[in-house]
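Protein sequences, first through last, are from chains Z and U. Anchor point for the first sequence: position 120 equals 182 in the numbering used here, and the numbering is continuous, going up by one each time. Anchor point for the second sequence: position 17 equals 12 in the numbering used here, and the numbering is continuous, going up by one each time. The block underneath contains the structure these notes are about, expressed in structure tokens.
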Amino acid sequence: MSKAAEIDIASVSKIYGKTTAVDAISLKIPAGSYCCLLGPSGCGKTSTLRMIAGHESVSVGDIVLGKTVVTHLPPAKRGTAMMFQSYALFPHLDLIDNVAFSLKMAGVDKVTRRTKALDMLKLMQMDAYASRKPAQLSGGQQQRVALARALITDPEALLLDEPLSALDPFLKIRMRAELKKLQKQLGITFVHVTHSQEEAMALADIIVVMSEGRIEQAASPREVFERPATAFVARFMGDHNVISGKVVNSADGLVTFEIVGGGTFSAAGKPRTPGADVDAAVRTDHVRIGESPIKGLGFTGIVSNLEYRGGTIKLTIEGAGIAEFTAIVTDKAFYAAPVAVGDAVPLHWDIEDAIVLGAPNP
Amino acid sequence: MNNLLSRATPYLQAAPLLLILGFFLAIPILLLLIVSFWDYDFAGMYPDFMTLNYAETLGSWVTWKTYGNTLKFAAMVWAITAFVGFWVAYFLAFHVRTATMQMVLFLVCTVPFLTSNIIRMISWIPVLGRNGLINSGLVGAGVIDQPIEWLLYSDFAVILAMVHLYTLFMVTPIFNTMMRIDKSLIEAARDGGAKDWQIIWNVILPLAKPGIAIGTIFVVTLVMADFSTVQVMSGGQSASVALMMRNQMSLLQYPAAAANAIVLLVLVLFMVAGILRIVDIRKEL
């Protein structure tokens, strides 16, 4: 329906006084993709979004939208539209006037702008409420109106600042599906800021994991989940145990490392210099109970906690110098040979489930 | 017994406020209403029920002229204080970045209120007078030959002093409403392509209306009841309703002044009701 634009962020920084909120990040978001900026609060994801939107000045670097350098353009001249965290609907205007606001500012006459606004509300299935004020709507309805207001300018990219955080869990999942559907339907670029990995996994074509103003990894959800680039990503995405140690030797694409005062492990990865610090990730759901046939792909530890989750059981194990190791085993495997808290239990995993992680942020 | 106590509790809790409002508001107004129907002569007043006081008040063209004059002051002072108040509050709320600076500048606005009304009024006299600062300055600079006569003891002086005295009553509520405007609304407007003046006209002004309404109530009621400013600054050449009442009281015509007061009270109540009709201020309270 409308043209989508590629967003190219070229070594952009945002500096507030002495603190650097965004530290020289570079990122290409392909046209028409759904991109999630993911990270804990204070990681610079919202600052990045606001710089793309033009609500925050860029300290260093350039932002290119399509073929235009938009670094110093005002928000309305960029071809982007922003949806705010609390939706920022005008409380004194009814839904039609809220949606028609940008057309009014552009000097479009009343009849035309109200017709267009009503069409947009129809698209969002909100036309029945056209004459209501925002305060009379539920959270999900307010979000639809905010979307309608953002989309009426026919943007090339829609920027969403934690759009689902104000909704209850049930509505969150429903509105999430609606967002994804809308993005497919419109074919424009969506950039969505969130701190929920679940939300990012469900929505994104590309997940950009950020920490302390830097990009840790920008890849497809599957890539981020299966091959986290750094220890931060592995920890933040969950579902991975991160084991840290010192390299003993590297051979045949396998790095062997040792936890000080603990066990020795192997993980797949490029060779490292012996003695260097190294982090490896082990998928929690691929850990099995039982002795390892290969050395370095397992250990024996004491069960410190058990959590029943229905189809799976979550075991927390301590041992071999690892303070907390999580194993998620199927109920079938668990009840075939049940263990209790305090028991010693051998664990092992396959070679492809243990990967060496990149160096953490310098 | 316990049951009785628990039923009486809400009434006991409401009692202090009820007593205060009763003694200082309801009873005085009731007395005023009663006295306004009494008879009087030069020596005293006599309980009676006659509408002559009202007939005399409402039937005299002096009353109508005085009311007209007072309303004129109210309208002009309101327009100027609303304009100044809006922009001062706008500057404080949207252009001063730090909360500390906002508080400091707001306190600066209140500094004149550390002195009494009368002193602030009288201090205009050496500025505006025939041989005051402005006139002697302008004559000395050769801009004018003769001192400007209308600077002091004129409607101009009355309005100037009232604006000086009452602008803060406009600034405070407007500032208060503006501080509650979600800043993301301003960004949303800017995202929609609104220029600065469009943001002021389409977002800030409509959302500041409750504050403007509260400020309007303050300023209008203060001006309508003012007698000292009018007397001092007009040099006795201009009249206001409250001044008229004061004169009646100095002539011991209490029932006439009471009738006048009731008429003024009703008028002001109607004006406040009108303002509340136009603007919903409930969310500010």
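Virtual Cβ for every residue (Gly too), placed ideally from N, Cα, C.
Going by Cα to Cα distance, which pick from U:34, U:54 and U:55 is closest to residue 45 of chain U?
When only C-alpha atoms are compared, the closest one is U:34.
Determine the contact status of residue 65 of chain Z and residue 218 of chain Z, defining contact as a CB-CB distance below 8 Å.
Yes; because the gap between Cβ atoms is below 8 Å, this pair is in contact.
Quick one: using the 10 Å Cβ neighbour count with 16 as the cut-off for buried, is residue -2 of chain U buried or exposed?
So residue -2 of chain U counts as exposed.
Would you give the residue range spanned by the beta strand (DSSP E) that residue 339 of chain Z belongs to?
Counting along the chain, the beta strand (DSSP E) containing residue 339 of chain Z begins and ends at 339 to 345.
From this set, Z:290, Z:140, Z:270 and Z:151, which residue's C-alpha is nearest residue 300 of chain Z's C-alpha?
Among Z:290, Z:140, Z:270 and Z:151, the Cα nearest to that of residue 300 of chain Z belongs to Z:290.
Look at the alpha carbon of residue 179 of chain U and the alpha carbon of residue 201 of chain U, and state the distance between them as a whole number of angstroms.
So the alpha carbons of these two residues sit roughly 16 Å apart.
What residues of chain Z sit near residue 201 of chain U, judged by a beta carbon separation below 7 Å?
Going along chain Z in sequence order, the residues near residue 201 of chain U (Cβ under 7 Å) are 154.
Looking at chain U, is there any beta carbon in it that lies within less than 8 Å of the beta carbon of residue 312 of chain Z?
No, residue 312 of chain Z does not count as interfacial toward chain U.
Smallest Cα separation from residue 293 of chain Z: which of Z:69, Z:418, Z:98 and Z:167?
Of the candidates Z:69, Z:418, Z:98 and Z:167, the one whose C-alpha sits nearest the C-alpha of residue 293 of chain Z is Z:418.
Can you find at least 3 beta carbon pairs, one from the region 168 to 177 of chain U and one from the region 116 to 136 of chain U, that sit closer than 8 Å?
With the cut-off at 8 Å, the region 168 to 177 of chain U and the region 116 to 136 of chain U do not touch.
Could you have a look at residue 417 of chain Z and say whether DSSP puts it in helix, strand or coil?
Of the three classes helix, strand and coil, the one that applies to residue 417 of chain Z here is strand, per DSSP.
Measuring only the C-alpha atoms, how far is residue 78 of chain Z from residue 120 of chain Z?
For residue 78 of chain Z and residue 120 of chain Z, the distance between alpha carbons rounds to 11 Å.
Shorter than 8 Å from the beta carbon of residue 175 of chain U to some beta carbon of chain Z?
Not an interface residue.
For a contact defined as C-beta to C-beta under 9 Å, what are the partners of residue 113 of chain Z on chain U?
Per Cβ cutoff of 9 Å: no residues; residue 113 of chain Z is ~13 Å from chain U at best.
Using a cut-off of 8 Å between C-beta atoms, extract the partners of residue 185 of chain U located in chain Z.
Neighbours of residue 185 of chain U on chain Z, chain order: 117, 136, 137 and 138.
Return the chain-ordered list of same chain residues with a C-beta closer than 7 Å to the C-beta of residue 162 of chain U, the five sequence neighbours on each side being excluded.
Correct list, in chain order: 76, 79 and 80.
With 16 as the cutoff for other CB atoms within 10 Å, does residue 56 of chain U come out buried or exposed?
Label assigned to residue 56 of chain U: exposed.
For residue 255 of chain Z, list the residues DSSP reports as bridge partners.
The partner list for residue 255 of chain Z (beta bridge, DSSP) reads Z:99 and Z:223.
Using a C-beta to C-beta distance shorter than 8 Å, which residues of chain U count as neighbours of residue 429 of chain Z?
A question about residue 429 of chain Z goes unanswered here, because the residues of chain Z that appear run from 63 up to 424.
Any beta-carbon of chain Z closer than 8 Å to the one on residue 91 of chain U?
Closer than 8 Å: no.
Would you please verify whether the beta carbon of residue 94 of chain U is less than 8 Å from any beta carbon of chain Z?
Answer no: the Cβ-Cβ gap between residue 94 of chain U and chain Z never drops below 8 Å.
Can you say whether residue 261 of chain U is buried or exposed, counting buried as having 16 or more other CB atoms within 10 angstroms of its CB?
Its Cβ having fewer than 16 others within 10 Å, residue 261 of chain U is exposed.
Would you mind reading off the limits of the alpha helix (DSSP H) that contains residue 283 of chain Z?
Note, residue 283 of chain Z: alpha helix (DSSP H), 283 to 288.
For the candidate residues U:136, U:101, U:141 and U:58, whose alpha-carbon lies nearest to that of residue 236 of chain U?
Comparing Cα positions, the closest option is U:58.
Could you tell me whether the region 365 to 379 of chain Z touches the region 310 to 327 of chain Z, using the rule of 3 or more Cβ pairs below 8 Å?
Segments in contact, no.
Could you list the residues in the region 348 to 366 of chain Z with a C-beta less than 8 Å from some C-beta on chain U, going in chain order?
Under the 8 Å Cβ criterion, the region 348 to 366 of chain Z contributes no residue.
Does residue 147 of chain U pass the burial test, meaning 16 or more other C-beta atoms within 10 Å, or should it be called exposed?
Result: buried.
Quick check: residue 403 of chain Z and residue 354 of chain Z, are their CB atoms within less than 8 Å of each other?
The answer is no: Cβ separation not under 8 Å.
Is residue 148 of chain Z helix, strand or coil when you go by DSSP?
Coil, per DSSP.
Let me know if residue 232 of chain Z comes out buried or exposed under the rule of 16 or more other beta-carbons within 10 Å of its beta-carbon.
Counting Cβ neighbours within 10 Å, residue 232 of chain Z comes out exposed, since fewer than 16 surround it.
Residue 259 of chain Z and residue 237 of chain Z - do their beta-carbons sit closer together than 8 Å?
Contact: no.
Buried or exposed: which applies to residue 255 of chain U, given that a residue is buried once 16 or more other Cβ atoms fall within 10 Å of its Cβ?
By the 10 Å Cβ count, residue 255 of chain U comes out buried.
Does the region 204 to 215 of chain U touch the region 267 to 279 of chain U, meaning 3 or more C-beta pairs lie closer than 8 Å?
These segments touch.
At which residue ranges does the region 360 to 385 of chain Z contain complete beta strand (DSSP E) runs of 3 or more residues, listed in the order of the chain?
If we require 3 residues or more, the beta strand (DSSP E) runs fully inside the region 360 to 385 of chain Z come out as 360 to 370 and 374 to 381.
Less than 8 Å separating the beta-carbons of residue 408 of chain Z and residue 351 of chain Z?
Yes, these two residues count as a Cβ contact at 8 Å.
Using a C-beta to C-beta distance shorter than 9 Å, which residues of chain Z count as neighbours of residue 189 of chain U?
138, 163, 164, 166 and 167, listed in chain order.
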